[in-house]
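Everything below concerns the one structure shown next.
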Amino acid sequence: MKISGARTEPFAAIRKRALARAGAQVAVRETQSPDSAAFLGLTEADLTPQVQEALSTLMSEIDDLRAEVSRLKLRLNEAQFQADQDVLTPVLNRRAFLREMKRVAAFAQRYGSPASVVFFDLDGFKSVNDRFGHAAGDAALQAVARRLLANVRESDVVGRMGGDEFAVLLMFVRKRRQA
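If you use the working numbering, the sequence shown closes out at 180, no skipped numbers anywhere.
Here it is, written out as structure tokens:
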């Protein structure tokens with residue numbers, strides 16, 4: 002159970018009194034998890050078999066809850082990635098790109114740092130789909146996205162705006178020749 006610093010002592014004291022009423026003599030200690038959240042731990046001493054069993058069950062349930070929280074965090078991260086990723090190419094989708102553009106605009110305004118957006122529209126792309134099929138068109142879009150990613154800085158953001166349109170958000174770029 003995660004306990005904030007302000008509530009740790011009263012909760013620990015209440016837990017200790019409750020266990021003492023159940024016939025257990027226990028010491029309560031606070032431990033720190035890897036993510037710096039405080040957890041209460043119990044040090045057993047002269048516990049009745051019933052209390053030992055109850056504590057063992059409780060600790061097992063806590064371990065199960067920790068594992069479930071870890072699984073849920075992983076699923077949340079995966080869902081967030083999928084929600085932001087373009088379904089066809091390895092770049093951000095329109096929604097995620099626009100969110101990043103808003104964030105960069107706020108940063109640029111606050112700190113006076115320049116930023117630029119470059120839009121790309123693939124001329125004649127419809128004819129690629131019509132002539133060679135959608136699989137070839139998809140492969141062409143994926144190749145364009147990979148090429149864009151390979152030629153921008155790590156701080157820049159690439160997104161697919163839809164269809165055959167891409168955009169690149171360039172941090173700290175003010176002039177066209179810098180792009």
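Every residue, glycine too, gets a C-beta built ideally from N, C-alpha and C.
Determine which residues share a DSSP beta bridge with residue i and list them.
i	result
F167	F121 and R161
A116	M172
Could you pull out every residue in the same chain whose Cβ sits closer than 8 angstroms to the Cβ of residue i, ignoring the five residues on either side in sequence?
i	result
A106	A116
G164	F126
D101	As written in the sequence, residue 101 is Glu, which differs from the Asp given in the question. Excluding sequence neighbours, E101 sits near L93, V158, G160 and L170.
Within a Cβ cutoff of 6 angstroms, which residues of the same chain sit near residue i, ignoring the five residues on either side of it in sequence?
i	result
A109	A116
R8	Confidence in R8 is poor, its pLDDT being 44 and thus under 50, which makes the residue's placement unreliable; the coordinate value appears in the next sentence. No residues qualify anywhere along the chain.
N94	D87
L123	D165
When DSSP labels each residue in this structure, what does residue i get in the three-state scheme?
i	result
L89	coil
E45	Per-residue confidence for E45 stands at a pLDDT of 46, beneath the threshold of 50, marking its modelled position as unreliable; the derived number appears in the next sentence. E45: strand per DSSP, three-state reduction.
S71	helix
R154	coil
G134	coil
N94	coil
T9	Since pLDDT at T9 reaches only 49, below the 50 mark, its modelled position is unreliable, and the value read off the structure follows with that caveat. If DSSP states are grouped into helix, strand and coil, T9 belongs with the helices.
Under the assumption that residue i contacts residue j (Cβ atoms under 8 angstroms), give the Cβ distance between them as a whole number of angstroms.
i	j	result
L170	V118	6 angstroms
F98	E166	About 11 angstroms; that fails the 8 angstroms criterion.
R147	P91	7 angstroms
Q143	L89	7 angstroms
Among the residues of its own chain, which have a CB less than 7 angstroms from the CB of residue i, if the five just before and after it don't count?
i	result
D157	V169, L170, L171 and M172
S71	none
V129	A137, G138 and A141
D85	L93, N94 and A97
Any heavy atom of the ligand ZN closer than 8 angstroms to the beta-carbon of residue i?
i	result
A144	The ligand ZN is absent from the structure shown, which contains no ligand whatsoever.
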